Amino acid sequence: TVAGIIDAEVRGDVVKLRLTDPRDLVMNDQIQIKNQALFVHSLNTGVPHVVHFVRDPDGFDVFNTGRAIRYHEHYQPAGTNANFVTVLDSHTLRVRTYERGVEDETLACGTGSVASALIAARKGLVESPVDVRVQGGELLRIYFEMTSDGFAKVYLEGKAKVVYQGKLWDEAWKKGK
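The sequence shown begins at 55 in the numbering used here and counts up one residue at a time.
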């Protein structure tokens with residue numbers, strides 16, 4: 055990938071990826087959304103993510119709040135993804151994600167789940183491994199080590215399945231066509 059070589063292990067229908075070390079951790083930031091102070095944290099897990107903790111993940115307005123965070127002046131020009139997180143226990147989170155590019159809530163976001171788990175761990179709310187329940191119903195598992203100034207050995211694990219197969223003919227690889 056553009057981020058470098060990503061190690062992966064495949065066991066049946068489960069894939070475990072080692073992510074690049076996260077960077078740009080910012081804890082306990084505050085932004086204004088619709089004249090309301092919102093306390094957020096941010097981390098780049100390959101792409102930028104904001105994490106905001108909520109009490110009721112199912113009743114939370116992910117689309118409008120996520121869009122407001124994604125386009126907030128504090129995160130421009132590139133924008134950011136927005137994750138809304140509820141801690142279920144010391145090893146389990148519920149995460150809903152608004153993704154830039156998609157410009158809507160997605161059913162799962164691996165890098166957002168990782169950012170959510172790492173920030174929750176930095177706040178002392180969870181410890182590795184962390185199971186993340188995403189909107190699509192899947193369970194992702196995050197493994198990591200905390201360091202004095204960040205994180206190391208970060209892994210994302212989840213089920214994988216083939217959802218599409220295609221074929222490219224030789225002409226597709228030739229330049230100028």
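Glycine included, every Cβ here is placed at the ideal spot set by N, Cα and C. Bear in mind that the values here come from a model prediction, so they are computed numbers and not experimental data.
Cut-off 6 Å between Cβ atoms - residues of its own chain near Ser-96, not counting five sequence neighbours on either side: Non-local C-beta neighbours of Ser-96 in its own chain, meaning closer than 6 Å and more than five positions away in sequence, comprise Val-80, Val-104, ordered along the chain.
Mind checking which residues open and close the alpha helix (DSSP H) that includes Phe-117? 116 to 124
Unbroken stretches of the alpha helix (DSSP H), 4 residues or longer, contained in the segment 155 to 191: Runs of the alpha helix (DSSP H) inside the segment 155 to 191: 164 to 176.
Stretch-stretch touch, CB-based, cutoff 8 Å, three pairs: the segment 63 to 76 with the segment 207 to 215: By the Cβ test, the segment 63 to 76 is in contact with the segment 207 to 215, since at least three Cβ pairs between them sit closer than 8 Å.
What did DSSP end up calling Tyr-197 once you bin it into helix, strand or coil? strand
Secondary structure of Ile-218, DSSP reduced to three states: The question names Ile, but residue 218 in the sequence shown is Tyr. Tyr-218: coil per DSSP, three-state reduction.
Contact check, Thr-140 vs Val-108 under 8 Å by CB: the rounded distance? 6 Å
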